[in-house]
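Numbering (my numbering), first residue to last: 209 to 747. Each residue gets a CB set at the ideal place from its N, CA and C atoms; glycine is no exception.
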Ligand SMILES: [Zn+2]
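Here is the structure:
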C-alpha cells in the first residue's frame with residue numbers, strides 16, 4: 209500500500225487507483241488530526257478527503273513518536289478520530305522502540321504498548337491493527353506477539369523495523385519477523401510496517417508477511433534514487449534504464465536528467481511505483497506456480513547482507529516446514545548451496561528413511577531411493593534399472609508412510625503414451641493415477657478405502673463435523689471451520705482421507721492448507737473433495 213501524504217501527494221490516490229490499480233493506501237491520521245485538514249476529514253470522511261474509494265488504512269502517529277520523541281494526542285483521541293473519519297483499518301498509538309534502546313527501555317515501551325492495545329479494544333470500530341513491538345529483543349517480540357495476538361485485532365503489523373531496513377541490517381530483521389510469526393495467530397495477516405523496497409519484498413513474503421506499506425517510492429525519488437529488485441541506483445549513475453515500465457521505455461537517463469527538478473521527481477516516483485508493483489506481481493505469480501523459494505534465492509544475491517541473513521532461516525526450519533506444501537506446480541530447482549536450507553530438505557529426510565535401500569546421489573537431498581527418481585522434489589534425468597512394482601511401493605511409502613507399503617500390491621498397471629506408469633487398477637476398478645507433473649499418486653475413493661483400511665486413526669485423516677458430513681458424502685469441499693480433527697503430520701496439497709467422528713470414510717481429496725491453518729481458519733476450503741462416498745455407492 210503506497211503511503212499517502214494527506215497534505216501533498218506527489219501522485220494522487222485517484223491516479224494510483226487508475227494507473228497502478230492500487231486497491232489500498234495508507235495515510236497518517238495524526239498528520240490530518242494536527243493540520244487544517246482535520247475539519248474537512250471529519251465532515252467528508254477520509255475517503256473523500258483523499259479522493260480514493262478503495263481501502264484506506266490509517267496510522268496513528270507512532271512513527272512521529274519514534275522520530276520526534278513526543279506527540280500531542282492521546283491513544284483514545286487518535287482512535288476515536290480514526291473512527292470518526294471512517295478509516296477502514298485503524299491503528300492504536302503503540303510505542304515503537306528505537307533499535308539502540310536497552311532491554312529495560314524496550315520492556316518499558318512494550319508495557320505501555322500492551323496497556324494501550326487493551327484500551328484500544330474499548331474504542332475499536334471496524335478493523336484495527338494490533339502492532340507488535342519489542343525492539344531488537346526477541347523475547348520481547350515473542351511476549352508481545354503472544355499478548356497482542358490474543359486480543360481482538362484484525363491485522364498484526366510488525367513495528368519499528370524501518371531503522372533496520374535503512375541500514376540494511378537484515379539478519380536481526382529476519383529473526384524478528386520469524387519470532388513474531390511463530391507466536392502470532394496463524395489466521396491473521398501480518399503487515400511489515402514501513403517495508404516497501406522491492407529488494408526485500410520477496411524474502412519478507414517467504415517469511416510470512418502479507419502486507420507492506422512504504423513511502424520509499426517518493427522519498428527515494430526526491431533523492432534521485434531509482435528502485436530495482438536488485439538494489440537502489442542513483443539516476444546520475446545510470447546510462448540505461450534496466451526497466452520495462454511505461455515511463456522508462458520511452459526515454460533514457462540522459463534525457464530525464466535534463467528535465468526540471470519537479471519532472472525528474474515525477475518520473476522517478478512513477479518508475480519507483482512501477483518497480484514495486486511489478487515485483488509484487490512476480491511474487492504473487494511465484495506463489496501461484498510454487499517457485500517462491502527460487503525467486504527469493506535469486507533476490508538474496510543482490511545484497512551481501514541479505515544473503516547473509518538468509519542463513520537465519522535454518523534456526524526456524526521446524527516451524528517453517530509445517531507450512532511448506534508437499535508438492536508444487538513447478539519442479540524443484542537448485543540455485544546454490546543455500547537451496548539446502550529449505551525446510552523441505554529436512555522433511556524428505558524423515559519421509560525417505562523407510563523407502564528401499566537402493567539409492568542414488570542427489571545434489572540437494574543426498575542419498576535418495578531410486579524408486580523416487582521421478583517424484584517431486586527428487587526428479588532426475590538419470591535412468592535406473594528398477595521394476596515398476598518397486599517404484600510403486602517406494603512412492604507409496606514416501607507419500608503415505610511405511611504402513612502403506614502394500615497399498616497397491618498386485619494391481620494392474622496401465623501405461624501412458626510415454627510408457628510411464630499412469631493408472632493402477634484392481635480388477636476393473638481404478639484405484640489411483642500417478643500424476644505426471646510430480647510423480648505422486650492421486651487416489652480414487654476406492655483407492656482411499658484401501659489406504660483407510662491400512663492406516664490406523666488418526667493417520668491421514670481430516671475429521672468433519674456432523675453438520676458437514678452430508679455435503680462431503682456428496683463430494684462437496686470440506687471447509688476449515690467444519691474440521692474437528694486433523695492429522696498434524698499432513699501437509700498442504702497432500703491426499704487426505706475425510707472421515708466422520710466414527711472414522712467412517714466419507715470422501716477423499718487434496719488438503720489445501722497446513723493443519724495449523726485448518727485448525728485456526730474460520731474461512732476457506734480445508735480439503736478439496738475429489739469424490740464422496742455417495743457418488744461411489746449410489747452412482
Ligand atoms: Zn521503470
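Next on the checklist: Out of 622, 517, 472 and 537, which one is the CA nearest neighbour of residue 499?
Outcome noted: 537
Checklist entry - When we look at the beta-carbon of residue 591 and count the other beta-carbons within 10 Å, is it buried (16 or more) or exposed? => result exposed
Checklist entry - So residue 155 and residue 704 are in contact, right, with Cβ under 8 angstroms, and what is the actual spacing, rounded? => result The chain is shown from 209 up to 747; residue 155 falls before or after that span and cannot be answered.
Checklist entry - Using the beta-carbon count (16 or more within 10 Å), is residue 290 buried or exposed? => result buried
Checklist entry - Between which two residues does the beta strand (DSSP E) harbouring residue 642 extend? => result 637-643
Next on the checklist: Within 8 angstroms of any Cβ in chain E, is that where the Cβ of residue 325 sits?
Outcome noted: Note that chain E does not occur in the displayed structure, where there is just one protein chain.
Checklist entry - Does ligand 1 have a heavy atom nearer than 7 angstroms to the CB of residue 425? => result no
Checklist entry - Taking Cβ to Cβ, would you say residue 381 is nearer than 8 angstroms to residue 491? => result no
Checklist entry - Could you give the distance in angstroms between the alpha-carbon of residue 615 and the alpha-carbon of residue 564? => result 15 angstroms
Next on the checklist: Nearer than 7 angstroms: is that true of the beta carbon of residue 455 relative to any heavy atom of ligand 1?
Outcome noted: yes
Checklist entry - Does the beta carbon of residue 451 fall short of 7 angstroms from some heavy atom of ligand 1? => result yes
Checklist entry - Any heavy atom of ligand 1 closer than 7 angstroms to the Cβ of residue 483? => result yes
Item to check | Start and end residues, alpha helix (DSSP H) containing residue 691 | outcome: Element bounds for residue 691: not the alpha helix (DSSP H) but the beta strand (DSSP E), 691-694.
Item to check | Neighbour-count burial assignment, residue 753, 16 or more Cβ in a 10 Å radius | outcome: Limits of the chain in this structure are 209 at one end and 747 at the other, which puts residue 753 out of reach.
Next on the checklist: Assuming the contact rule is C-beta atoms closer than 8 angstroms, residue 716 and residue 699 should be a hit. Round their C-beta distance to whole Å, please.
Outcome noted: The pair is not a contact, with the Cβ atoms about 16 angstroms apart (cut-off 8 angstroms).
Next on the checklist: Would residue 530 and residue 724 be called neighbours here (beta carbons separated by less than 8 angstroms)?
Outcome noted: yes
Item to check | C-alpha distance - residue 556 paired with residue 414, whole-angstrom precision | outcome: 20 angstroms
Checklist entry - So is the beta-carbon of residue 255 under 7 angstroms away from any non-hydrogen atom of ligand 1? => result no
Next on the checklist: Tell me the DSSP secondary structure of residue 736 in three-state form.
Outcome noted: strand
Checklist entry - Are there three or more Cβ pairs, one per stretch, closer than 8 angstroms when the segment 578-592 is compared with the segment 609-624? => result no
Checklist entry - How many angstroms separate the CA atom of residue 448 from the CA atom of residue 460? => result 6 angstroms
Item to check | Continuous beta strand (DSSP E) stretch holding residue 446: start and end | outcome: Unbroken run through residue 446: none, as it is neither H nor E.
Checklist entry - Looking only at its own chain, which residues have a Cβ that is under 7 angstroms from the Cβ of residue 720, when we skip the five neighbours before and after it? => result 700, 733, 734, 735 and 736
Checklist entry - Under the DSSP definition of a beta bridge, which residues are partnered with residue 434? => result 441
Checklist entry - Taking the runs of the alpha helix (DSSP H) that are 4 residues or longer, which of them lie wholly in the segment 583-641? => result 596-608
Checklist entry - Identify the residues that DSSP records as bridge partners of residue 537: which are they? => result According to DSSP, which records beta bridges pairwise, residue 537 is partnered with nothing at all.
Item to check | Spatially closest choice to residue 506 from 728, 546 and 427, by CA coordinates | outcome: 546
Next on the checklist: Does the contact criterion of 3 or more C-beta pairs under 8 angstroms hold for the segment 254-264 versus the segment 275-283?
Outcome noted: no
Next on the checklist: I need the straight-line Cα distance from residue 643 to residue 607, nearest angstrom please.
Outcome noted: 13 angstroms
Checklist entry - How big is the Cα-Cα spacing for residue 572 and residue 528? => result 18 angstroms
Next on the checklist: Nearest by alpha-carbon distance to residue 457: which of 468, 303, 475 and 467 is it?
Outcome noted: 475
Next on the checklist: I need the straight-line Cα distance from residue 420 to residue 401, nearest angstrom please.
Outcome noted: 6 angstroms
Checklist entry - For residue 213, which three-state DSSP category applies? => result coil
Next on the checklist: Measuring only from the beta carbon, is residue 458 closer than 7 angstroms to any heavy atom that is part of ligand 1?
Outcome noted: no
Checklist entry - What do you get for residue 626, buried or exposed, if any count of 16 or more other CB atoms within 10 angstroms of its CB means buried? => result exposed
Checklist entry - How should residue 302 be labelled, buried or exposed, when 16 other C-beta atoms within 10 angstroms of its C-beta is the threshold for buried? => result buried
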